[in-house]
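To start, the structure itself, in structure tokens.
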Amino acid sequence: MAAHIQNHETIILWQASRLRLTDEYVVASEILRVQGSAIGTLGNFSASIGKAKSKKTFNVSAIVAAALKNGTVLQYVAELPRSKRKVLYVDTEQSPYHCQKVMKRIARMAGLPLNKHPENLEFLALRKHTPEIRIAIVEDGNTN
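Start counting at 1 in the sequence shown, then tack on 1107, and there's your number in our numbering.
Shown next, in the form of structure tokens:
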């Protein structure tokens, strides 16, 4: 889904997007750390990529669990502002059954009950959709 914009709009966007070595920029709020190093800032999207069976889902589960409890899980430490504690988890590879297994693991890691869905977790299983539809779902849903 490529954005269709006019030439004059791209010029405006180009100018607004330019960074300069001599300008000063605000440091984003660091909300996720591992072993003292920041790995996540407020407002950013993250993706986990790697070889098959390399424990990507387990790693992301620990990060999400830390965010849901706003604390430490394994070596991940999350410190989110009270108004910014909602997590959007988008899975594009697994079935709903396996996604639910991941959700249960996340809840266990966060010390949350398994009989109540966490209010601050939005979990989408998008495997059955095309990449274009997945993008549209996430873009539209993220603005609501």
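All residues carry an ideal CB built from backbone N, CA and C; glycine is no exception.
>> For R1140, tell me which candidate among Q1182, I1119 and G1248 has the shortest Cα-Cα distance.
In response: Minimum Cα distance to R1140 is reached at Q1182.
> Between Q1142, R1212 and G1143, which lies nearest to L1086 when the distance is taken from Cα to Cα?
Replying inline: No information on residue 1086 is available, as it lies outside the stretch 1108 to 1251 that the chain covers here.
> Name the DSSP bridge partner or partners of L1231?
Replying inline: Note: L1231 is bridge-paired with V1197 in the DSSP secondary-structure output.
> Hey, A1185 and I1138 are a contact pair by Cβ (cut 8 Å); roughly how many whole angstroms apart?
Replying inline: With a Cβ gap of about 6 Å, A1185 and I1138 count as contacting.
>> Starting from A1154, trace the alpha helix (DSSP H) in both directions and tell me its first and last residue.
In response: It is not in any alpha helix (DSSP H) - A1154 carries neither H nor E in the DSSP assignment.
> Given that a residue counts as buried once 16 or more other Cβ atoms are within 10 Å of its Cβ, and exposed if not, what is S1153?
Replying inline: Per the 10 Å Cβ criterion, exposed.
> Looking at N1249 and R1192, is the spacing between their C-beta atoms short of 8 Å?
Replying inline: At least 8 Å separates the beta-carbon of R1192 from that of N1249.
> With 8 Å set as the bound, which would you pick, yes or no: does the beta-carbon of R1215 sit closer than that to a beta-carbon of chain C?
Replying inline: No chain C is present in this structure, which holds just one protein chain.
> Where K1223 and V1134 are concerned, what is the direct C-alpha to C-alpha distance, given to the nearest angstrom?
Replying inline: Near 36 Å, if we compare the C-alpha coordinates of V1134 and K1223.
> So A1135 is in the beta strand (DSSP E); what residue range does that whole segment cover?
Replying inline: Premise fails: A1135 is in no beta strand (DSSP E) and is neither H nor E.
>> Give me, in chain order, the residues of the same chain whose beta-carbon lies closer than 7 Å to that of D1130; leave out the 5 immediate sequence neighbours on both sides.
In response: Nothing listed; no residue qualifies.
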